[in-house]
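So, in structure tokens, the structure goes:
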């Protein structure tokens with residue numbers, strides 16, 4: 261039974277359409293798991309799962325007796341579960357034996373071998389073409405030149421190894437930052453009469469790198485909204501140091517995109533002072 265997804269915590273007398281996105285996703289996943297199957301197809305099943313639920317799902321899938329096809333961008337989730345990788349690349353399926361870590365090594369080796377074969381063949385092609393160009397017009401060498409032309413025509417060309425363009429990103433060096441950056445004193449937060457966080461005390465100092473954990477509904481997103489200034493506290497004080505610039509990506513950030521805008525138009529609206537070419541460069545060309 262998929263008890264680890266905690267679907268039972270959802271209100272049982274409310275229609276499914278009233279459930280949050282996270283609870284709806286867990287309900288759909290529970291339905292897929294609870295039905296007996298010989299072939300289980302899962303597309304990004306860890307979306308909207310908290311850490312405890314992900315750990316439970318990993319254990320459940322490891323013991324699943326049927327055939328499993330799993331899509332996930334979480335390599336740590338894939339590694340203990342799968343023993344074969346099918347990689348779709350340039351409209352072709354490539355099969356690798358082993359988990360994701362083994363796939364990375366095998367693919368790197370395959371690409372290196374393919375690139376070496378391509379470069380060797382290119383040298384051979386250049387050598388043949390040079391001979392043809394030099395001796396095609398000479399009567400004494402015409403036969404040999406014609407033979408090399410046919411050799412080139414019959415040659416099955418090897419494509420260069422395809423490697424995705426690396427993504428480069430740089431952060432501007434921050435100016436001298438105050439300490440603390442942000443301070444919370446006895447802060448309570450929630451929605452309407454429902455208190456999610458109560459009497460929170462928090463100091464953020466420059467250079468901290470903090471992972472925020474907790475079960476779904478524990479208040480992680482609520483705390484982030486408080487820090488971003490998207491939610492006013494019900495009680496207590498939040499002190500943000502002067503001059504601090506915030507970057508914020510919300511859990512459902514895509515809901516704030518305008519469907520009728522292109523990525524370039526979206527960037528131009530957010531940064532009208534920037535040149536169009538700079539915005540294109542930021543979008544990857």
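Residue numbers (the numbering used here): 261 to 545. Glycine included, each C-beta is placed from N, C-alpha and C at the ideal position. Quick caveat: nothing in here was measured; it's all calculated off a predicted structure.
Beta-carbon gap between residue i and residue j smaller than 8 Å
i	j	result
residue 445	residue 461	yes
residue 418	residue 374	yes
residue 525	residue 481	no
residue 292	residue 300	yes
residue 457	residue 483	yes
residue 543	residue 523	yes
Alpha-carbon to alpha-carbon, residue j and residue i
i	j	result
residue 541	residue 355	34 Å
residue 312	residue 476	10 Å
residue 467	residue 433	12 Å
residue 403	residue 366	44 Å
residue 359	residue 344	6 Å
residue 492	residue 288	33 Å
residue 283	residue 509	21 Å
residue 415	residue 424	27 Å
residue 386	residue 361	38 Å
residue 335	residue 379	32 Å
residue 555	residue 319	This structure cannot settle anything about residue 555, because the visible part of the chain is limited to 261 through 545.
residue 400	residue 382	27 Å
Span of the alpha helix (DSSP H), counted from its first residue to its last, around residue i
i	result
residue 413	402-414
residue 485	480-488
residue 538	536-542
residue 505	From DSSP, residue 505 is part of no alpha helix (DSSP H); its letter is neither H nor E.
Contact belief for residue i with residue j at Cβ below 8 Å, rounded distance in angstroms
i	j	result
residue 442	residue 464	4 Å
residue 309	residue 341	With 8 Å as the limit, residue 309 and residue 341 do not qualify as a contact, their Cβ atoms being about 14 Å apart.
residue 349	residue 422	7 Å
residue 448	residue 494	5 Å
residue 330	residue 338	7 Å
residue 332	residue 304	6 Å
Span of the beta strand (DSSP E) around residue i
i	result
residue 345	344-349
residue 495	495-500
residue 352	352-357
Check: residue i C-beta below 7 Å from any heavy atom of the ligand ADP
i	result
residue 312	No copy of the ligand ADP appears in this structure; indeed no ligand is present at all.
Quiz item: Just checking, does the region 316-333 make contact with the region 479-497 on the three C-beta pairs under 8 Å criterion?
Solution: The answer is no - the region 479-497 does not touch the region 316-333, with fewer than three Cβ pairs under 8 Å.
Exercise. Spell out a yes or no on whether the region 361-379 and the region 398-411 are touching, meaning 3 or more CB-CB pairs, one atom from each, closer than 8 Å.
Key: Cβ pair count under 8 Å is below three, so no.
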